[in-house]
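When we follow the working numbering, the leftmost residue of the sequence shown carries the number 3, and every step to the right adds one.
In what follows, a single structure is set out as structure tokens and then discussed.
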Amino acid sequence: MNKFITFEGVEGSGKSTQVKLLGEYLTRNNIPVLLTQEPSGTPIGRKIGEILFNRGHQAMCPETELFLFCAARAQHVREVVWPALKVGKYVLCDRFSDATFAYQAAGRGLNPDFIQTINDYCAERLKPDLTLLFDLPVETGLQRAGRRDDLLKDPSSADRFEKEKLDFHNRVRQGYLNLCSVEPERFRVIDASQTVDMIALDVRRHVLGYISRQS
Ligand SMILES: Nc1ncnc2c1ncn2[C@@H]1O[C@H](COP(=O)(O)OP(=O)(O)OP(=O)(O)O)[C@@H](O)[C@H]1O
Ligand SMILES: [Mg+2]
3 MNKFITFEGV EGSGKSTQVK LLGEYLTRNN IPVLLTQEPS GTPIGRKIGE ILFNRGHQAM
63 CPETELFLFC AARAQHVREV VWPALKVGKY VLCDRFSDAT FAYQAAGRGL NPDFIQTIND
123 YCAERLKPDL TLLFDLPVET GLQRAGRRDD LLKDPSSADR FEKEKLDFHN RVRQGYLNLC
183 SVEPERFRVI DASQTVDMIA LDVRRHVLGY ISRQS
């Protein structure tokens, strides 16, 4: 199969923008594709996401956060990802297991071995075949996310994660880079401080290179 492609990176690094652009590009080229995201890739996941991102939920402990993301993943893998892979589609997924290691292990300090165990169970050991890591200074990503929230006419709509301190976001960024150094063959690091169009070209180059090596 080998068609499971994930998009990772800190807040506002352009994941959702690029998932959409790549999806449109692949569709124009008659490559069957499904676009999805975590935790809100299913109706149940969207409800879990409302709990996770609610900025009023400052009291949420890291363990609760971990289990909620993993619950959403369990549902998403079974309801959406496996069925699409089984009919031969490329699945472009906006965040997946790497986010759990970056945010809940590197960011929140939970034990990565325990996360591995619970994640393997929830994800049915499904692993991405290719992961694009959108890397940029966290300040730039947060500014972009802030502008996006302004455009939504709700400047106070920053979610529970966007409201975290810079230290937290820097640990997450470093956590992603560490994952990448452990599995360099799976990851492609993309300079996400470029323009949308330049990043889209990088994304296409990496993904088309990957696809052509598969066939
Ligand atoms: N390369 C870029 N340069 C400038 N602005 C960008 C770029 N890519 C995306 N943006 C804008 O930055 C904001 C955040 O982008 P996007 O929502 O794609 O990021 P994200 O990584 O999905 O964020 P989140 O982690 O919050 O889901 C959006 O308003 C988007 O239009
Ligand atoms: Mg997004």
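Each residue gets a CB set at the ideal place from its N, CA and C atoms; glycine is no exception.
Distances from the alpha-carbon of glutamate 40 to those of Val93, Val205, Cys63 and Met62 put Val93 closest. Here the distance from the Cβ of serine 15 to the nearest heavy atom of ligand 2 is not below 6 Å. For phenylalanine 71, the three-state secondary structure derived from DSSP is helix. Glycine 143 is positioned such that its CB atom lies closer than 7 Å to that of valine 12. As for any beta strand (DSSP E) of minimum length 3 sitting wholly inside the segment 132 to 217, the runs are 132 to 137 and 189 to 193, ordered along the chain. The continuous beta strand (DSSP E) containing valine 35 extends over residues 35 to 39. Non-local beta-carbon contacts of tyrosine 27 in its own chain, meaning distances under 7 Å to residues more than five positions away in sequence, involve Arg206 in chain order. Shortest Cα-Cα distance from glycine 177 to any of Arg127, Asp100 and Ala160 involves Asp100. Between proline 186 and aspartate 137, the alpha-carbon positions lie close to 15 Å from each other. Here valine 198 is not near arginine 175, since their CB atoms are 7 Å or more apart.
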